[in-house]
Amino acid sequence: MTQQAHPEAHLLGDIGGTHTRLTLYRDGRFGSIGRYRNNEFPDLSDVVRHHLAIHGLTPPHSAALAVAGPLERDGSVTLTNRGWHLAPAALAAALGVETVRLFNDFTAQALGIPHLAAEECVPLSGGAPWPQAPQAVIGPGTGLGVSGLLPCGERWIALAGEGGHATLAPADERESALLDSLRRAWGHVSAERLVSGPGLLALYNHLAAGAGAPSLTAPPEVTTRAGQDPLADTALGFFFAFLGTVAGNLALTLGARGGVYLCGGILPGLEAPLRASAFRERFIAKGRYRDYLDAIPVYLVTAPDTAFRGLASVL
1237 MTQQAHPEAH LLGDIGGTHT RLTLYRDGRF GSIGRYRNNE FPDLSDVVRH
1287 HLAIHGLTPP HSAALAVAGP LERDGSVTLT NRGWHLAPAA LAAALGVETV
1337 RLFNDFTAQA LGIPHLAAEE CVPLSGGAPW PQAPQAVIGP GTGLGVSGLL
1387 PCGERWIALA GEGGHATLAP ADERESALLD SLRRAWGHVS AERLVSGPGL
1437 LALYNHLAAG AGAPSLTAPP EVTTRAGQDP LADTALGFFF AFLGTVAGNL
1487 ALTLGARGGV YLCGGILPGL EAPLRASAFR ERFIAKGRYR DYLDAIPVYL
1537 VTAPDTAFRG LASVL
């Protein structure tokens, strides 16, 4: 028998390029989290209806969705790495809910940072955070999410930017040669092109092509080969070094003395190789500002529901 949803229940969603995660939020608690592959559904409304059906729920009062793409002036979003276009009014009508609010996915991630427990933020390096100082939030997934938190009295304001699409800069001759080659194929090489799941795969396949080795088809194949395949180790080395460069740039741009938080679904499973990589050195390798960055704490966020906590905080 279908269960009636609470009249003040809210549907929360984290809509990425590859997966959609959904949960019902009511009475201060999250319900079961459903994780669905986007390529198995024609559009988001079908994903939501499937989630409600398998959990025996009627449409909730409202929905708040974190979407991997920039918000337009009218509040709509087109996913950067998937062709779905989401408009709040049309989506509300399709789902039978009163209102739909859309947020950039890393705006939601950033808003969730103040609601994490200390044990969900694993310290990687640096000193103690400055109180009431800006914080930086960055994380590779299907794309590269970038945001920040700015203190405003007793609350935080989250930035909605597209820093993952800023131009990726090389730091040595090897990276210059790599990026020169990729520019010939792609034109513009953004940070997201290489600091993401598809970017890790692209790095491996570029190296494999140069070595006459077979290419791979999915990012997890690269990480599972780490420690056994020199090409996978080299690709991960590039990946973490580039991440360090981009994260250090973000920390300088925001003055993020409150800390840098590494989020997303990829990094928690790669803590050991991340610690052993050039990430730390590249994060602080900013010439005269090396000591400035050396003092900034860097955390690995392990909580799987950071975006949901951020969405819940604005309801």
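Take the sequence shown: its position 247, counted from the start at 1, is 1483 in our numbering, and no numbers get skipped. Heads up, the beta-carbon is just placed ideally off N, CA and C, and yes, glycines get one too.
At the level of alpha carbons, what is the spacing between Val-1537 and Pro-1376? Across the structure, Val-1537 and Pro-1376 are spaced so that their CA atoms are roughly 12 Å apart.
So, at 8 Å on beta carbons, what are the nonlocal neighbours of Ser-1312 in its own chain, with the 5 sequence-adjacent residues on each side left out? His-1321, Leu-1322, Ala-1323, Pro-1324 and Leu-1338
Can you tell which of Leu-1347, Val-1431, Ala-1289 and His-1401 has its C-alpha closest to the C-alpha of Leu-1503? Val-1431
Spatial neighbours of Leu-1386 in its chain, beta-carbon cut-off 6 Å, leaving aside the 5 residues before and after: Excluding residues up to 5 positions away in sequence, Pro-1370 and Ile-1393 lie with their Cβ nearer than 6 Å to the Cβ of Leu-1386 in the same chain.
Which residues share a DSSP beta bridge with His-1286? BP columns for His-1286 are empty, so no partner.
Suppose only complete runs of 3+ residues qualify. What are the beta strand (DSSP E) ranges in the region 1450 to 1498, listed by chain order? 1496 to 1498
Taking the Cβ atom as the reference point for each residue, do Val-1283 and Tyr-1272 lie within a distance shorter than 7 Å? yes
Evaluate Ile-1251 with the Cβ neighbour count: other Cβ atoms within 10 Å of its Cβ, from every protein chain shown; 16 or more gives buried, anything less gives exposed. buried
Which value, in whole angstroms, describes the spacing of the CA atoms of Ala-1241 and Arg-1545? For Ala-1241, the predicted model reports a pLDDT of 49, less than 50, meaning its position is unreliable; a value from the coordinates is still stated below. The C-alpha of Ala-1241 lies about 20 Å from the C-alpha of Arg-1545.
Going by other Cβ atoms of all chains shown within 10 Å of its Cβ, with 16 needed for buried, is Leu-1551 buried or exposed? Classification of Leu-1551: exposed, given that the 10 Å Cβ count is below 16.
Under the DSSP definition of a beta bridge, which residues are partnered with Asn-1317? Asn-1317 is not bridged to any residue.
In whole angstroms, what is the alpha-carbon distance linking Ala-1354 and Ser-1361? 15 Å
For the pair the region 1333 to 1350 and the region 1447 to 1455, tell me if three or more CB-CB distances fall below 8 Å. By the Cβ rule, the region 1333 to 1350 does not count as touching the region 1447 to 1455, because fewer than three pairs are nearer than 8 Å.
Report the three-state DSSP secondary structure of Ser-1298 (helix, strand or coil). It is a strand residue.
Measure the alpha-carbon distance for Ala-1372 versus Val-1358 and round it to whole angstroms. Looking at the two C-alpha atoms, the distance is approximately 15 Å.
What does DSSP give as the partner residue(s) for Arg-1391 in the beta ladder? Cys-1388
If we ignore side chains and look at the alpha-carbon of each, how far apart do Arg-1420 and Ser-1426 end up? 13 Å
Whole-angstrom distance between Asp-1469 and Ala-1462, CA atom to CA atom: 5 Å
Go through its chain and collect everything with a Cβ distance to Gly-1264's Cβ below 6 Å, but skip five positions before and after it. none
Please state whether DSSP places Ala-1182 in a helix, a strand or coil. The requested residue 1182 does not occur in the structure, where the chain is confined to residues 1237 to 1551.
Would you be able to state if there are at least three C-beta pairs under 8 Å between the region 1525 to 1540 and the region 1403 to 1411? no
When DSSP labels each residue in this structure, what does Arg-1526 get in the three-state scheme? helix
Determine the direct distance from the alpha carbon of Pro-1456 to that of Gly-1399, and round the result to whole angstroms. 25 Å
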